[in-house]
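Asker: Got a structure here, written out as structure tokens. Questions coming.
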């Protein structure tokens with residue numbers, strides 16, 4: 006199952022909102038009270054029997070008195086509450102529901118033989134009606150019979166179509182779902198049958214043994230046996246009450262789940278829910294087989310930024326690998342998808358305005374992250390340079406000033422340099438100028454996110470970044486390296502390049518050199534172009550195997566190799 010679209014009108018804060026979901030990973034984000042929980046409540050109301058919403062089911066999944074937007078006058082508007090949910094069903098992966106619809110709902114009718122079909126659930130609760138009116142369409146065919154509609158809804162709600170995990174609650178309770186770490190949740194039907202037979206045999210043996218002691222116990226009561234009948238027994242062994250003992254083993258040390266930190270425990274329970282979803286998806290019982298939708302509230306809870314970024318990558322990889330739709334409601338930029346920006350959904354709400362309804366923010370385009378940065382309390386300048394590092398697959402990183410710096414370092418990774426080769430298998434990331442690297446938000450993230458890191462800073466920019474380095478406890482020649490020569494015009498990576506290359510570029514680009522000295526946008530562009538020409542000339546020499554041009558780079562390489570040894 007996959008939710009394709011939700012449309013909600015006059016439902017709580019969702020005055021008129023339509024959301025299209027990504028097939029696999031989705032990150033629903035925004036400030037508190039923006040409407041994220043109402044989107045999730047919409048899904049749970051129609052697809053589960055969540056115990057916390059049980060009262061609302063007396064009159065259907067919508068309660069007009071409490072669900073109609075409070076800022077709108079019911080008597081004057083006389084508007085209804087409308088909800089529409091579109092769900093994609095797969096004939097193979099959702100065989101249980103597909104078979105139920107085809108063989109029971111449309112038993113005597115001709116319906117399409119598509120491999121995938123959309124189930125449309127449309128609900129309306131009018132201001133003068135005490136019940137929710139629900140229409141259901143399978144593709145373009147309406148399910149007319151009310152009994153069949155109710156049976157289909159009951160089938161959806163009583164199945165494990167939704168696995169919901171709220172990280173802020175220790176032990177959420179579900180009306181139809183077992184406890185998250187229940188042993189029975191992770192056993193196959195065949196295993197459960199075997200265990201049930203063994204359980205009955207064990208109960209019988211224990212009861213027989215207890216019966217032998219019944220006479221002895223009666224004799225101890227003496228005359229009271231005339232008044233009381235004595236029997237010894239045991240309660241039934243309930244496999245649903247038994248929990249899996251989860252432990253983390255590392256280097257001979259075993260730690261029980263109960264002794265883990267809250268972040269590790271929360272993350273583990275989320276992964277258990279995903280594994281449970283995969284188990285349901287691969288069920289051999291066709292009547293129960295379906296692909297659950299996994300909804301996670303605040304998966305970042307109790308995790309520091311680096312762990313959040315790592316967990317975000319894991320969730321996205323699992324969603325794609327398992328072919329399971331995951332919807333996370335999050336306040337963390339590290340849980341956003343940087344591989345597929347359309348998977349990120351941003352809600353906003355202005356409670357000070359007349360129109361207090363939630364709205365879906367347009368986040369299309371190259372700078373899609375800027376609205377998220379603003380909503381999550383991070384300035385665009387902070388989030389922009391941070392963005393590419395969040396989902397890096399590497400554990401080591403070298404931060405360099407610009408793209409040309411990165412190219413020089415990449416050239417040093419060639420084996421032809423012999424003992425002077427840069428032995429580095431991590432990521433070389435250009436941070437885009439000292440203005441970004443002096444930002445302690447970015448550097449703090451890097452420090453927490455990566456196992457080992459080095460920041461290179463041009464000598465002429467070190468004074469701008471020194472204070473930030475010191476505030477984070479960074480040490481020279483360990484976490485940061487100063488690049489360049491203490492000579493005029495050479496206080497950057499270009500200062501390591503032989504004079505012969507500079508002389509050549511100067512002579513061939515006199516006007517460009519003159520323009521680069523101007524303190525203007527044109528001067529800035531000229532300086533950038535000049536650096537590009539120097540890099541091109543350097544590469545020409547490198548391609549001719551003139552390794553002498555790297556002479557000033559080699560001491561820097563030795564320092565880096567020592568750090569990443």
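In this note's numbering, the protein residues as written are 6 to 570. Think of the CB as a built atom: it goes at the ideal place given N, C-alpha and C, for glycine as much as any other residue.
Using beta-carbon positions only, say whether residue 43 and residue 17 come within less than 7 Å of one another.
Answerer: The answer is yes: Cβ separation under 7 Å.
Asker: Does the Cβ-Cβ distance between residue 344 and residue 400 come in under 7 Å?
Answerer: For residue 344 and residue 400, no; Cβs fall outside 7 Å.
Asker: Can you find the residues in the same chain that come closer than 7 Å, C-beta to C-beta, to residue 517, ignoring five residues on each side of it along the sequence?
Answerer: Closer than 7 Å at the Cβ level, and outside the excluded window around residue 517, lie 531, 534 and 535.
Asker: Under 8 Å: do the region 115 to 129 and the region 92 to 100 share three or more Cβ pairs, one atom per stretch?
Answerer: Taking 8 Å as the limit for Cβ pairs, the verdict is that the region 92 to 100 does touch the region 115 to 129.
Asker: Looking only at its chain, what residues have a beta carbon closer than 8 Å to the beta carbon of residue 551, apart from the 5 residues adjacent to it on each side?
Answerer: So the list is empty, once near-sequence residues are dropped.
Asker: So residue 331 and residue 169 are in contact, right, with Cβ under 8 Å, and what is the actual spacing, rounded?
Answerer: So it is not a contact: roughly 12 Å between Cβ atoms.
Asker: Am I right that residue 88 and residue 9 are in contact with their C-beta atoms under 8 Å? What's the rounded C-beta distance?
Answerer: Residue 88 to residue 9, Cβ: 14 Å. No contact.
Asker: Start and end of the beta strand (DSSP E) containing residue 403?
Answerer: Segment 401 to 405, the beta strand (DSSP E) holding residue 403.
Asker: What do you reckon, are the CB atoms on residue 431 and residue 294 nearer than 7 Å?
Answerer: No, the pair does not count as a contact, with Cβ atoms beyond the cut-off.
Asker: Can you tell me whether DSSP reads residue 332 as helix, strand or coil?
Answerer: Strand at residue 332.
Asker: Quick one: give me the first and last residue of the alpha helix (DSSP H) that residue 52 is part of.
Answerer: Residues 41 to 52.
Asker: Where do the N-terminal and C-terminal ends of the alpha helix (DSSP H) with residue 518 fall, by residue?
Answerer: Where residue 518 is concerned, the enclosing alpha helix (DSSP H) stretches over 515 to 521.
Asker: Helix, strand or coil, according to DSSP, for residue 353 in the structure here?
Answerer: Strand, per DSSP.
Asker: Comparing alpha-carbon positions, which option in 291, 284, 292 and 316 lies nearest residue 272?
Answerer: Measuring from the Cα of residue 272, the nearest candidate turns out to be 316.
Asker: How far does the beta strand (DSSP E) with residue 486 in it reach, from first residue to last?
Answerer: Here the beta strand (DSSP E) through residue 486 covers 485 to 488.
Asker: Rounded to whole angstroms, what is the Cα-Cα separation between residue 279 and residue 308?
Answerer: Rounded to the nearest angstrom, the two C-alpha atoms are 19 Å apart.
Asker: Output the boundary residues of the alpha helix (DSSP H) element that contains residue 501.
Answerer: Note, residue 501: premise wrong, no alpha helix (DSSP H); not H, not E.
Asker: Taking 6 Å as the limit between beta carbons, can you name the residues of its chain near residue 425, skipping five residues before and five after?
Answerer: Only 559 and 562 meet the Cβ criterion.
Asker: Should residue 112 be labelled buried (16 or more other beta-carbon atoms within 10 Å of its own) or exposed?
Answerer: Residue 112 comes out exposed.
Asker: Between residue 335 and the rest of its own chain, which residues show a CB-CB distance below 8 Å, the 5 nearest in sequence each way excluded?
Answerer: 32, 33, 34, 303, 304, 305 and 341, listed in sequence order.
Asker: Per DSSP, what kind of secondary structure is residue 95 in: helix, strand or coil?
Answerer: It is a strand residue.
Asker: So, is residue 522 buried or exposed, given that buried needs 16 or more other C-beta atoms within 10 angstroms?
Answerer: Exposed: under 16 other Cβ atoms inside 10 Å.
Asker: Quick test of your reading: residue 165 and residue 297, contact by CB under 8 Å. State the CB separation rounded to the nearest angstrom.
Answerer: Contact flag correct, Cβ pair sits at about 5 Å.
Asker: Identify whether residue 66 lies in helix, strand or coil by the three-state DSSP scheme.
Answerer: Three-state DSSP puts residue 66 in coil, outside helix and strand.
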